[in-house]
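Structure first, then comments.
Numbering (the working numbering), first residue to last: 1405 to 1641.
Okay, structure coming up:
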């Protein structure tokens, strides 16, 4: 398959500090691609740049060959790229269903079928359709954040630290859902500190350190790499 998303020599600065230092990477259509690395490595900044939330200093981001640089977040969503933000960011005072409808705010067509698909993927959300999002558990809020992003009918869904703050049993469920979303034909770009889980499901992975890509390869191959094991998987050489 071809690359649906391409990042070319991307540089992102906050003030005088370069958070992303000229990285290049490819996201192949229909695959799960993951970014792993420590806090401050530039992973979240990379996703925010793709989503149009952060303006790069230089470089290019291409979706099916079309540059996303200078486009608004709304335009990028309408082209088929959505972001599940770190910390879920659900609308606490709105119901589950209202949150999901907000995910489809740019659409002019019927959302009924997609709402049904989200409820099929997350039966818990169907059960809590009229519950305020702020009263959900952390795992349920993460399900809602993912469901909301799916309501835009994305070609690429980006997830920023989806396992953060969740119990291990909930984390396993979230990663099962990521696999299922990918099997439905949606390309997944995942930023995840839980490198062990991320590498298990990734077709390809990039390792970031202090704003640079220092290694890349097939997910399962990197999971067996001694340097990756020592730095991110809690095991020594």
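Every residue gets a Cβ at the ideal spot worked out from N, C-alpha and C, and that includes glycine.
Quick check: what's the CA-CA separation for residue i versus residue j?
i	j	result
residue 1504	residue 1491	17 Å
residue 1603	residue 1452	22 Å
residue 1475	residue 1456	7 Å
residue 1529	residue 1544	7 Å
residue 1506	residue 1552	7 Å
residue 1593	residue 1438	6 Å
What would DSSP say about residue i, mapped onto helix, strand or coil?
i	result
residue 1611	strand
residue 1598	coil
residue 1478	helix
residue 1555	coil
residue 1430	strand
residue 1616	strand
residue 1456	coil
residue 1627	helix
Going by DSSP, name the residue or residues bridged to residue i.
i	result
residue 1425	1415
residue 1468	In DSSP, residue 1468 forms no bridge with anything.
residue 1539	Residue 1539 is not bridged to any residue.
residue 1410	1430 and 1466
residue 1486	1561
residue 1507	Residue 1507 is not bridged to any residue.
Using 8 Å as the threshold, is the C-beta distance between residue i and residue j below it?
i	j	result
residue 1433	residue 1408	yes
residue 1606	residue 1436	yes
residue 1620	residue 1636	no
residue 1546	residue 1578	yes
Measure how close the beta-carbons of residue i and residue j come, nearest whole angstrom, since I'm counting them as under 8 Å.
i	j	result
residue 1622	residue 1608	6 Å
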